[in-house]
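Undergrad:
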Amino acid sequence: MFENLSDKLKRTLKNLRGEGVLTPAHVDAALREIRLALLEADVNYKVAKDFIASVKEKAEGQHVWDELKPSEQVVKIVFDELVELLGGQSSRLVFTKTSPNVVMIVGLQGSGKTTSTGKIARWLAKNQDRKPLLVSVDVYRPAAREQLKVIARATGQAIFEMPETNDPLTLVREAHKHAQQTGFDTLLIDTAGRLHIDDDLMSELERIKGEMNPVETLFVADAMTGQDAVKSAEEFHRRVGITGVVLTKMDGDARGGAALSIKQVIGQPVKFVGVGEKYDALEPFFPDRIAQRILGMGDVLSLIEEVQSKVDQSEAEEQLKKLQKNQFTLDDFRSQLRQVKKLGSFSKIMKMLPDQLLGGMGVPNLDEEQTKQ
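Letter by letter, the sequence shown follows residues 0 to 372 in numbering that gives the first Met the number 0.
Here it is as structure tokens:
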């Protein structure tokens, strides 16, 4: 994700570092390049304009060209503003002591909403020790409820079913009652996908929200649709008041315009990003870590968390002991490669490393099929 923007920003800032003496003219030229890169990444025009104005104001206010290392100061300002653009601090789901806490999932058709509902339930159970219950109120799309049932089974989560009714309000009321009676602390409601111009279906969302009073209303958007996702989020927020955004297909979005615009346009943060088809391919959205990746600073914290959650620590320690005793065999090496494979592709891992560790060459193009062999 963000590959195109990342390449252009890194190139612009590298050129800035190469200047012997930095002048306001050099900074202005760099900012023009950055503005163009943002617009090419499908960032909202006003958001891009405000970003450049803010960077310029801070650069002039700090007289960066008088600093000992002026280019590094500009990079620091760009990084700070990029973090702010992406939402500032990371935003987690907010829960209360009331049980069950209701999380309502809304969005357009085909955005990955039902799959995201299952992913979020799995993530909450694994990372926050929640006990989630899923319910589908999509009574319009054929086999929609069956799809959530399959996902619930695959992710090991519980689901409430009531096939005898096609009334969304009856479904959420009964699911809520069932959650209370059986000790589930989180109820995730997978609503039907709808266009924001469909007034009847939007009114249905308003009724469900009024009935359930959810602690979180998450809008699921396809990151590949760029500014269309932002506009849809804006309309959903106006009608039902969303509290956060889940961006799907981020692994296939080289531009990243939606992620870079959404917080500034609607005032609500991105809380999760989908980075693959597997049910564990869901990540909390950390603005500072994303900004580090974009500017080639790496994201070592996320890499450490990936290793801790997916690699067998005892096996890794055993292999280290063998290596230290010169007893490391080809079988151990194969086992080690299997462990690394759990983290994802080699390209994904290398993107989390700072460019300096890669000799400033960036991430090489790796043939994943060849590495599998």
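Just so you know, even glycine gets a beta-carbon here, dropped at the ideal spot from N, CA and C.
Scan the segment 193-250 and note each continuous beta strand (DSSP E) run of 3 residues or more that stays entirely inside, going in chain order.
TA: Listed in chain order, the complete beta strand (DSSP E) runs (minimum 3 residues) inside the segment 193-250 are 215-221, 243-247.
Undergrad: Please state whether DSSP places T185 in a helix, a strand or coil.
TA: Looking at T185 - three-state DSSP - the assignment turns out to be strand.
Undergrad: So, are the CB atoms of A232 and L246 less than 7 Å apart?
TA: No, the pair does not count as a contact, with Cβ atoms beyond the cut-off.
Undergrad: Who are the Cβ neighbours of I261 in its own chain at under 7 Å, not counting the five residues just before and after it?
TA: The answer, listed in chain order, is V229, A232, V244, V269.
Undergrad: Determine the closest residue to Q263 out of A52, D41, E80, G86, with distance taken between C-alpha atoms.
TA: Of the listed residues, the one whose Cα sits closest to Q263 is G86.
Undergrad: Bridge partners for I293 per DSSP, in chain order?
TA: Note: I293 sits in no beta bridge, so no partner.
Undergrad: Since L30 and K9 are thought to touch, with beta carbons under 8 Å apart, how far apart are those beta carbons, to the nearest angstrom?
TA: About 15 Å; that fails the 8 Å criterion.
Undergrad: Measure the beta-carbon distance from D137 to A191 and round it to whole angstroms, keeping in mind my assumption that it falls under 8 Å.
TA: Yes, they are in contact, since the Cβ atoms of D137 and A191 sit about 4 Å apart, within 8 Å.
Undergrad: Would you mind sorting T97 into buried or exposed? The rule is 16 or more other CB atoms within 10 Å of its CB.
TA: Exposed.
Undergrad: Of the residues A174, L329, A47, Q72, which one's Cα is nearest the Cα of I58?
TA: Correcting the residue type first, residue 58 is Ala in the shown sequence and not Ile. Checked all of A174, L329, A47, Q72; the closest Cα to A58 is Q72.
Undergrad: Distance check for L107 and E145, CA to CA, integer angstroms please.
TA: Rounded to whole angstroms, E145 to L107 spans 19 Å at the Cα level.
Undergrad: With C-beta atoms as the reference, is A153 less than 7 Å away from L132?
TA: No, the pair does not count as a contact, with Cβ atoms beyond the cut-off.
Undergrad: Since Y278 and K130 should fall inside the 8 Å C-beta cutoff, what is the C-beta to C-beta distance between them, to a whole number of angstroms?
TA: Contact flag wrong, Cβ pair sits at about 18 Å.
Undergrad: May I have the straight-line CA-CA distance separating V274 from G256, to the nearest angstrom?
TA: Their backbone Cα atoms lie some 16 Å apart in a straight line.
Undergrad: Return the residue from the list Q326, D287, Q335, R292 that minimises the CA-CA distance to S313.
TA: Ranking Q326, D287, Q335, R292 by Cα distance to S313 puts Q335 first.
Undergrad: Suppose you measure from the CA of E316 to the CA of D330; what does that come to, to the nearest Å?
TA: Near 15 Å, if we compare the C-alpha coordinates of D330 and E316.
Undergrad: Which partner residues of M161 appear in the DSSP bridge assignment?
TA: None; M161 has no bridge partner.
Undergrad: Using the rule of at least 16 other Cβ atoms within 10 Å of the residue's Cβ for burial, across every protein chain shown, is T181 buried or exposed?
TA: Exposed.
Undergrad: In angstroms with no decimal places, state the Cα-to-Cα distance between T185 and F271.
TA: Answer to the nearest angstrom: the Cα atoms are 17 Å apart.
Undergrad: Per DSSP, N126 is paired with what?
TA: Answer is none; N126 lacks a bridge partner.
Undergrad: For the alpha helix (DSSP H) containing S334, name the first residue and the last one.
TA: 329-340 is the extent of the alpha helix (DSSP H) around S334.
Undergrad: In the DSSP assignment, find the unbroken beta strand (DSSP E) run with G106 in it and report its ends.
TA: 100-106 is the extent of the beta strand (DSSP E) around G106.
Undergrad: Nearest to L81 by CA position, among I293, Q318, R337, is which residue?
TA: Among I293, Q318, R337, the Cα nearest to that of L81 is on I293.
Undergrad: Tell me which residues share the same chain as Q267 and place their Cβ nearer than 7 Å to its Cβ, disregarding the 5 neighbours each side in the sequence.
TA: So the list reads H236, I241, T242, G243, V244, once near-sequence residues are dropped.
Undergrad: What are the start and end residues of the beta strand (DSSP E) that includes K270?
TA: That run of the beta strand (DSSP E) goes 269-273.
Undergrad: Where do the ends of the beta strand (DSSP E) carrying L132 lie?
TA: Element bounds for L132: 131-135.
Undergrad: Within a Cβ cutoff of 6 Å, which residues of the same chain sit near R193, ignoring the five residues on either side of it in sequence?
TA: The residues are L200.
Undergrad: Going by beta-carbon coordinates alone, are L187 and T116 separated by less than 7 Å?
TA: Contact flag set, yes.
Undergrad: Just to confirm the assignment, what range does the beta strand (DSSP E) spanning P283 have?
TA: It spans 281-283 - the beta strand (DSSP E) in which P283 sits, taken as one unbroken run.
Undergrad: Can you give me the Cβ contacts of V239 inside the same chain, cut-off strictly under 7 Å, excluding the 5 residues immediately before and after it?
TA: The residues are V105, L204, E205, K208, T216.
Undergrad: Excluding the five sequence neighbours on either side, which residues of its own chain have a C-beta within less than 6 Å of the C-beta of K7, listed in chain order?
TA: Once the five neighbours on either side are set aside, the close Cβ partners of K7 are A36.
Undergrad: Going by beta-carbon coordinates alone, are L38 and A47 separated by less than 7 Å?
TA: Yes; because the gap between Cβ atoms is below 7 Å, this pair is in contact.
Undergrad: Roughly how many whole angstroms lie between the Cα atoms of R337 and Q318?
TA: Near 13 Å, if we compare the C-alpha coordinates of Q318 and R337.
Undergrad: Figure out for me which residue from L84, T11, A124, S70 has the closest Cα to the Cα of A290.
TA: The shortest C-alpha separation from A290 is found at L84.
Undergrad: Taking only the alpha-carbon atoms, compute the straight-line gap between L4 and K248 and give it to the nearest angstrom.
TA: Distance between the alpha carbons of L4 and K248 is about 17 Å.
Undergrad: Please give the ranges of any beta strand (DSSP E) in the segment 32-94, keeping only runs that are unbroken, at least 3 residues long and fully inside the region.
TA: Fully enclosed beta strand (DSSP E) runs of 3 or longer: not present.
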